[in-house]
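J.: After the structure tokens below, expect a handful of questions from me.
2 protein chains.
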Amino acid sequence: MVKPSKEFEKKLELYIKLIEEKLQSIAAVPNSPDAMVCEAMKYSLLAGGKRIRPVITIACAELFGGNIDDAVTVGCALECIHTYSLIHDDLPCMDNDDLRRGKPTCHKVFPENIALLAGDALLNKAFEIMSDKDNFISLNERTMIELVRTLSQASGTKGMIGGQVIDLINEKRDDVDIQELILMHKKKTGALIEAAASLGCIIGGVIENEEFNKISQFSSNLGLAFQIKDDILDVTGNEDILGKPIGSDKESGKNTFVTLLGLEKAEYILKRHTEVSISALEYFGDKAWFLKELAVSLLIREK
Amino acid sequence: MVKPSKEFEKKLELYIKLIEEKLQSIAAVPNSPDAMVCEAMKYSLLAGGKRIRPVITIACAELFGGNIDDAVTVGCALECIHTYSLIHDDLPCMDNDDLRRGKPTCHKVFPENIALLAGDALLNKAFEIMSDKDNFISLNERTMIELVRTLSQASGTKGMIGGQVIDLINEKRDDVDIQELILMHKKKTGALIEAAASLGCIIGGVIENEEFNKISQFSSNLGLAFQIKDDILDVTGNEDILGKPIGSDKESGKNTFVTLLGLEKAEYILKRHTEVSISALEYFGDKAWFLKELAVSLLIREK
Chain A
1 MVKPSKEFEK
11 KLELYIKLIE
21 EKLQSIAAVP
31 NSPDAMVCEA
41 MKYSLLAGGK
51 RIRPVITIAC
61 AELFGGNIDD
71 AVTVGCALEC
81 IHTYSLIHDD
91 LPCMDNDDLR
101 RGKPTCHKVF
111 PENIALLAGD
121 ALLNKAFEIM
131 SDKDNFISLN
141 ERTMIELVRT
151 LSQASGTKGM
161 IGGQVIDLIN
171 EKRDDVDIQE
181 LILMHKKKTG
191 ALIEAAASLG
201 CIIGGVIENE
211 EFNKISQFSS
221 NLGLAFQIKD
231 DILDVTGNED
241 ILGKPIGSDK
251 ESGKNTFVTL
261 LGLEKAEYIL
271 KRHTEVSISA
281 LEYFGDKAWF
291 LKELAVSLLI
301 REK
Chain B
1001 MVKPSKEFEK
1011 KLELYIKLIE
1021 EKLQSIAAVP
1031 NSPDAMVCEA
1041 MKYSLLAGGK
1051 RIRPVITIAC
1061 AELFGGNIDD
1071 AVTVGCALEC
1081 IHTYSLIHDD
1091 LPCMDNDDLR
1101 RGKPTCHKVF
1111 PENIALLAGD
1121 ALLNKAFEIM
1131 SDKDNFISLN
1141 ERTMIELVRT
1151 LSQASGTKGM
1161 IGGQVIDLIN
1171 EKRDDVDIQE
1181 LILMHKKKTG
1191 ALIEAAASLG
1201 CIIGGVIENE
1211 EFNKISQFSS
1221 NLGLAFQIKD
1231 DILDVTGNED
1241 ILGKPIGSDK
1251 ESGKNTFVTL
1261 LGLEKAEYIL
1271 KRHTEVSISA
1281 LEYFGDKAWF
1291 LKELAVSLLI
1301 REK
């Protein structure tokens, strides 16, 4: 695996510029009595992050000739769901975190009840965006419904929320094994990353065929690799991406790939999952160059 | 206004039977590691209630010849959203209520974090239901997207969540006037009741025409009447529908139609809004008999 190219960095930068512009417009605060909740939504939506999910949506759409603007819109709807899950995960009754990515969490800047409602509103917003034909250039209602179906199933109890629940239950157990940890992360983190890729496919007109399956193989392995890397960075990194003290997961007794497998084995399976994700892309040859380099860049990232 | 007929009671009973059956199937708990959150969703979804929103959806769909089974499904998706809003409204950081309709609130029966996620999951579930073509007999993707758009806009910051935020802000003020109270309730309670009617219209193929406007006039006035009646029952009723001590809103300093207007004037505007809602239905003649009697039954209800 070679280091990502200048061409990759340039394209990634362009994608992120498009995403941040769209998120800015989604986060616009109206002049109305409920402005405070919109301020809280904006605070969390624009608090940074790698935007990995919308990047995947756009790249998959582009691979299949889908409209890029529509992919940016759908990717940002997905980012609304990711952001809501972070706001609710940080609440006192959940992880009770004061910092995220080095900044105060939503409920530390706004009243806790406003943070709760901002999370609700961002989840809801994703579906407001996805169901309004005025937001799209090339998509018809049939495609839009397929997108809503894919996203809602990924974010519900069969996907992300299911993973959050298993995580809460596992935290109270001291006998969680690696298969259970994988199952939890396949849902909690993996479901939205897989959905990001599926949404891009659907925008490109690719649904339930061999191409779709190859992309699913790519994204499911990438999702797991992404989480393993997070766990490794929590132990080895210079800066924890969540803004928590380094190694705090280990101290808190939280199960991670590193605590269950040790650093060496965790690094081995990280590399293995990255390789499998890239090999799934061989089906597309050079056309999938950006996604291949993306997988490598996530493998070697330092935060 | 005459008392609702036996025919009305019979049809209402049938509608509610269909709704409860559908909610039972939506609330089915899978045999999977995340079962606990599904138990919490089921607990709140099947905790009773008048089911007024799905009843309105079905009745409006029937008025325009829409498929009843599809209307039951859509009405129950809407009920999922209503139920999530109650779970989150009851949480310690919101109203901190121990009882709802005389039963322990979700976070009193389940851990608070599970109640939070159950609320999230019910909001999400509404869109899972609405975007899966297998759930519908007569609806095409174009209609489905219109339904998702209508529901998501009603439940977001421009609708219900916006109303919840204004309610939180108003609670801290001692100078709220009647116009502000009306605006808050038009969003917090009214938006979903209006949406219930709009969804029924859309299922019946009625979108943005004179018939649609008449139904909107009916439902917006009914929504406000519904809230005024709740406020009156809180003062005069034998049993508070929320299971809270009677008159507790007054004691808590919460603004209601009764505290701002007095009982007599509140009863006057309740009757007035009910009359206006019924008069909007005259456009349809006898065909709208059920909706007319529904408005009367809500006016004279005792809980």
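Just so you know, the protein sequences line up as chains A and B, in that order. Reminder that position 100 of the first sequence reads as 100 in the numbering used here, one-by-one numbering, no gaps. When you read off a place in the second sequence, starting at 1, and then add 1000, the result is the number in the numbering used here. Heads up, the beta-carbon is just placed ideally off N, CA and C, and yes, glycines get one too. In this text, all values refer to a predicted model and were calculated from it rather than measured experimentally.
#1: If A71/A sits next to I58/A, beta carbons under 8 Å apart, how far is it from one beta carbon to the other, in whole angstroms?
#2: What is the DSSP secondary structure of K103/A, counted as helix, strand or coil?
#3: For the structure I just gave you, are there three or more beta carbon pairs, one from the stretch 1259-1278 of chain B and one from the stretch 1212-1228 of chain B, closer than 8 Å?
#4: Which bits of chain A does S1155/B rub up against, with CB to CB less than 7 Å?
#5: Should S1152/B and E128/A be called a contact, given that it needs their Cβ atoms to be closer than 8 Å?
#6: Should I87/A go down as buried or exposed, given a rule of 16 or more other Cβ atoms within 10 Å for buried?
#7: Between L12/A and chain B, is the shortest Cβ-Cβ distance under 8 Å, so that the two count as touching?
#8: Measure the alpha-carbon distance for I232/A versus V296/A and round it to whole angstroms.
#9: Using a Cβ-Cβ cut-off of less than 9 Å, list which residues of the stretch 73-92 of chain A approach chain B; keep chain order.
#10: Relative to the alpha-carbon of A47/A, which residue among G163/A, K172/A and C106/A has its alpha-carbon at the smallest distance?
#11: Is the CB-CB distance between L263/A and V235/A below 8 Å?
#12: Spell out a yes or no on whether the stretch 89-96 of chain A and the stretch 1130-1142 of chain B are touching, meaning 3 or more CB-CB pairs, one atom from each, closer than 8 Å.
#13: Comparing alpha-carbon positions, which option in R1301/B, K1303/B, L1298/B and L1291/B lies nearest K1011/B?
#14: Using a Cβ-Cβ distance cut-off of 8 Å, determine whether D234/A contacts chain B.
#15: Using a Cβ-Cβ cut-off of less than 9 Å, give me the residues of the stretch 22-46 of chain A that come near chain B, in sequence order.
#16: Can a CB atom of chain B be found closer than 8 Å to the CB of N135/A?
#17: Compute the Euclidean distance between the alpha carbons of R1272/B and G1102/B, then round it to the nearest angstrom.
#18: Can you have a look at I19/A and say buried or exposed, based on whether 16 or more other CB atoms are within 10 angstroms of its CB?
#19: Determine the DSSP secondary structure at I1081/B, reduced to helix, strand or coil.
#20: Could I get the ranges of all uninterrupted beta strand (DSSP E) runs contained in the stretch 1180-1222 of chain B, with 3 residues as the minimum, in chain order?
#21: Apply the 10 Å Cβ neighbour rule to D1174/B and answer buried if 16 or more other Cβ atoms are within range, or exposed otherwise.
#22: Of all the CB atoms in chain A, is at least one closer than 8 Å to the CB of P1004/B?
#23: By Cβ distance, which residues of its chain are closer than 6 Å to I166/A, with the 5 residues on each side in sequence left out?
#24: What residues in its chain sit with their C-beta under 8 Å from that of T1150/B, if we drop five residues either side in the sequence?
#25: Could you tell me whether any Cβ in chain B is nearer than 8 Å to the Cβ of V165/A?
#26: Return the Cβ separation of L122/A and T83/A in integer angstroms, given the expectation that the two are a contact with Cβ distance under 8 Å.
#27: Taking 7 Å as the limit between beta carbons, can you name the residues of its chain near G1162/B, skipping five residues before and five after?
#28: From T1157/B, G1190/B, P1054/B and E1007/B, pick the residue whose C-alpha is nearest to that of L32/A; which is it?
#29: Which residue from K1017/B, D1097/B, K1042/B and L1116/B puts its Cα closest to that of D1069/B?
#30: Excluding sequence positions up to five away, which residues of its chain have a Cβ less than 6 Å from the Cβ of G75/A?
#31: Check each residue of the stretch 138-150 of chain A: if its Cβ is closer than 9 Å to any Cβ of chain B, include it; give the result in chain order.
#32: Just the Cα atoms here: how many angstroms apart are Y1043/B and L117/A?
#33: Does DSSP put T1256/B in a helix, a strand or coil?
#34: Look at the Cβ atom of L1270/B, then the Cβ atom of K1229/B, and state whether they are nearer than 8 Å.
#35: With 16 other CB atoms within 10 Å as the buried threshold, where does K214/A fall?
#36: Consider the Cβ of G1162/B: report whether some Cβ of chain A lies at a distance smaller than 8 Å.
T.: On the basis of the supplied data:
#1: Between I58/A and A71/A the Cβ distance is about 4 Å, and since that is below 8 Å, they are a contact.
#2: K103/A: strand per DSSP, three-state reduction.
#3: Here the stretch 1259-1278 of chain B lies against the stretch 1212-1228 of chain B, with 3 or more beta-carbon pairs under 8 Å apart.
#4: The contacting residues are N124.
#5: Between S1152/B and E128/A, the C-beta gap is smaller than 8 Å, which places the two residues in contact.
#6: It counts as buried.
#7: With a threshold of 8 Å between beta carbons, L12/A makes no contact with chain B.
#8: Computed Cα separation, rounded: 16 Å.
#9: From the stretch 73-92 of chain A, only I81, Y84, S85, H88, L91 and P92 have a Cβ closer than 9 Å to chain B.
#10: Nearest of G163/A, K172/A and C106/A to A47/A, Cα basis: C106/A.
#11: Taking 8 Å as the Cβ cut-off, L263/A and V235/A qualify as a contacting pair.
#12: Taking a contact to require three or more Cβ pairs closer than 8 Å, the stretch 89-96 of chain A and the stretch 1130-1142 of chain B do not qualify as touching.
#13: Nearest C-alpha to K1011/B: L1291/B.
#14: Output row for D234/A: interface = no.
#15: Taking 9 Å as the Cβ-Cβ cut-off against chain B, the residues of the stretch 22-46 of chain A that qualify are P30, S32, P33, D34, A35, M36, V37, C38 and M41.
#16: N135/A has a beta carbon lying at 8 Å or more from every beta carbon in chain B.
#17: Cα to Cα, R1272/B sits roughly 31 Å from G1102/B.
#18: Classification for I19/A: buried.
#19: Three-state DSSP puts I1081/B in a helix.
#20: Segments of the beta strand (DSSP E) lying fully in the stretch 1180-1222 of chain B: there are none.
#21: Counting of Cβ neighbours within 10 angstroms places D1174/B among the exposed residues, the total staying below 16.
#22: Any Cβ of chain A closer than 8 Å to the Cβ of P1004/B would place that residue at the interface, and such an atom is absent.
#23: The answer, listed in chain order, is M184.
#24: Only A1195, S1198, L1199 and I1202 meet the Cβ criterion.
#25: So yes, V165/A belongs to the interface.
#26: That belief holds up - the Cβ atoms of L122/A and T83/A are roughly 5 Å apart, short of 8 Å.
#27: Excluding residues up to 5 positions away in sequence, K1187 lie with their Cβ nearer than 7 Å to the Cβ of G1162/B in the same chain.
#28: At residue 32/A the sequence reads Ser, which differs from the Leu that was named. Taking only the C-alpha atoms, the option nearest S32/A is T1157/B.
#29: With distances taken between Cα atoms, D1069/B lies closest to K1017/B.
#30: In chain order, P54, T57 and I58 place their CB closer than 6 Å to the CB of G75/A, counting only its own chain and leaving out the 5 sequence neighbours on each side.
#31: So the list reads N140, E141, R142, T143, M144, I145, E146, L147, V148, R149 and T150, given in the order they occur along the chain.
#32: Approximately 22 Å between the Cα atoms of the pair.
#33: Note: T1256/B maps to coil in three-state DSSP.
#34: Yes; because the gap between Cβ atoms is below 8 Å, this pair is in contact.
#35: Looking at its Cβ environment, which holds 16 or more other Cβ atoms inside 10 Å, K214/A is buried.
#36: At a cut-off of 8 Å between C-beta atoms, G1162/B counts as an interface residue with respect to chain A.
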